[in-house]
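Enquirer:
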RNA sequence: GGCGCGGUAGCCAAGUGGUAAGGCAGAGGUCUGCAAAACCUUUAUGCACCGGUUCGACUCCGGUUCGCGCCUCCA
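This is the structure in structure tokens:
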């Protein structure tokens, strides 16, 4: 599997993060179903914006890109995304790109213009198939180009850009310069995954022209189908509109954390809408997501700690089996995460009621926990990360013991004091009929 | 203009020829020394509008309307 990664010229925004969370969901579900993955994701670390910004700052391009690559990988980690088996940088595969361009030259798919090399789209009949673009009405050379490039056809795209000024460049048989964006993915995908990949993913906006161009390059060179499946993640919108600088509605993970939201809440929001649908992001939905996560975590805690009567309630066994079946069927159905989530919530509500009625028995505990564990294999939102330097579990337990004693002696002032002290340390107490339960906020 | 997506309760949102999942918010309740937390119940005679097909349509067909995206870099 190959995924178009990010261009490291700035912090990733939540739209980028949606696509990578989708990659992660797909990864995890394939693994859940027993597939062994070889997942490659690229990092674009040479490109117009990067060159311009690093030159403005007067620093080497790699210094600039490494900084944002680091932030990006940190964000992936914070969002609990699994790392692809390989993460590859464009600048470390210039040789492969040059070779691919040479192959295309030999096969007559290219032409030179002012030291740059272009792909001649009219040589590739299937162009436009993936994105349903019909170019039959466009005549070669009909469009009046701007001055920047001298192309024979508006559709043609650059494979190798001739060096301009002091920008970073590499030697190649066709002149000093740097690779075009599209050739990066073709070269790296084929190097690690062969001529034909099983799955190629990316954001919808990449379908045209990026993926269309990848197909033209790879299939032009190899003569074989490039990808068996193309899977595109729809965009995330903010308040019904695409994020853009002019609208000022771009959020990064760091922005949300500063507003007091958790990364898990974002993960939940991103996963609550199937990848193929547009997702309308609102800050209100972040709040709702957190409440939902807390509810699931409370349920898990309840199942783990409740005092249960011996025996097994077959109705619960049946409910758990049905919930798991629905969860798996939903995920199998083109990763319908919304339905999968619904299956779990339904089970939680039903079994919470049974717990209230003491109909949930000791023998049912394992099945419920197994469902949650399987759910969390994919969703990964139940585990709480303990902040470094936080209060130790044993200290919490000791204070709770003291508080319980104080309560028994009706020293409510002291018990409330302890409750407050723990709350300040991020520990929430819950008095239940089975005793005191606590959790980290 | 070309191609495509979508309009489902206050909000987010699944579904799809057989009579509306789920979450959040709201309302009511249970528990409790008080709280907090938690839990439960409840919330769309109707799925943008009009017409058609059908025993039956939110779901199919035709039309209308509104919103959005791609067609240049973009996850």
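In the working numbering, the protein residues as written are 16 to 456. From the three backbone atoms N, C-alpha and C, an ideal C-beta is built for every residue, glycine too. A quick note: this is a predicted structure, and the numbers were derived from the prediction, not measured.
(1) DSSP three-state label for residue 182, please.
(2) Return the residue from the list 282, 201 and 421 that minimises the CA-CA distance to residue 395.
(3) Using a Cβ-Cβ cut-off of 7 Å (strictly less than) and excluding sequence neighbours within five positions of residue 57, which residues of its own chain qualify?
(4) Using the three-state DSSP reduction, which class does residue 374 fall into: helix, strand or coil?
(5) Determine the DSSP secondary structure at residue 305, reduced to helix, strand or coil.
(6) State the Cα-Cα distance for the pair residue 324 and residue 380, rounded to the nearest angstrom.
(7) Would you call the CB atoms of residue 414 and residue 444 closer than 7 Å?
(8) CB residue 458 to CB residue 374, shorter than 7 Å?
(9) Just confirm the distance between the C-beta atoms of residue 336 and residue 361, as a whole number of angstroms; I'd bet it's less than 8 Å.
(10) Can you say whether residue 188 is buried or exposed, counting buried as having 16 or more other CB atoms within 10 angstroms of its CB?
(11) Would you mind sorting residue 160 into buried or exposed? The rule is 16 or more other CB atoms within 10 Å of its CB.
(12) Looking only at its chain, what residues have a beta carbon closer than 6 Å to the beta carbon of residue 48, apart from the 5 residues adjacent to it on each side?
(13) Of all the options 355, 194 and 319, which has the alpha carbon lying nearest to the alpha carbon of residue 377?
(14) Between the segment 65-74 and the segment 174-189, do at least 3 Cβ pairs fall closer than 8 Å?
(15) Which first and last residues belong to the alpha helix (DSSP H) in which residue 195 is found?
(16) Between 194, 233 and 272, which lies nearest to residue 208 when the distance is taken from Cα to Cα?
(17) Buried or exposed for residue 191, please, with buried defined as at least 16 other CB atoms from any protein chain shown within 10 angstroms of its CB.
(18) Considering only C-alpha positions, which residue in the set 435, 228 and 407 is nearest to residue 242?
(19) Hey, could you find the ends of the beta strand (DSSP E) residue 400 is sitting in?
(20) Using the C-alpha atoms, what's the distance from residue 372 back to residue 331?
(21) At 3 residues or longer, what runs of the beta strand (DSSP E) sit wholly inside the segment 111-146?
Expert: Straight from the coordinates:
(1) coil
(2) 282
(3) 19, 20, 103, 105, 199, 200 and 203
(4) coil
(5) helix
(6) 11 Å
(7) no
(8) In this structure the chain extends from 16 to 456, so residue 458 is not present and cannot be described.
(9) For residue 336 against residue 361, the beta-carbon gap comes to about 13 Å, at or over 8 Å, which does not count as contact.
(10) exposed
(11) With a pLDDT of 41 at residue 160, under the threshold of 50, the predicted position of this residue should be treated as unreliable, though the coordinate-derived value follows. Residue 160 should be labelled exposed.
(12) none
(13) 319
(14) yes
(15) That residue, residue 195, is in no alpha helix (DSSP H); it is neither H nor E in DSSP.
(16) When each option's Cα is compared against that of residue 208, the closest is 233.
(17) So residue 191 counts as exposed.
(18) Closest option to residue 242, Cα to Cα, is 228.
(19) Counting along the chain, residue 400 falls outside any beta strand (DSSP E), and DSSP gives it neither H nor E.
(20) 13 Å
(21) 125-128 and 131-134
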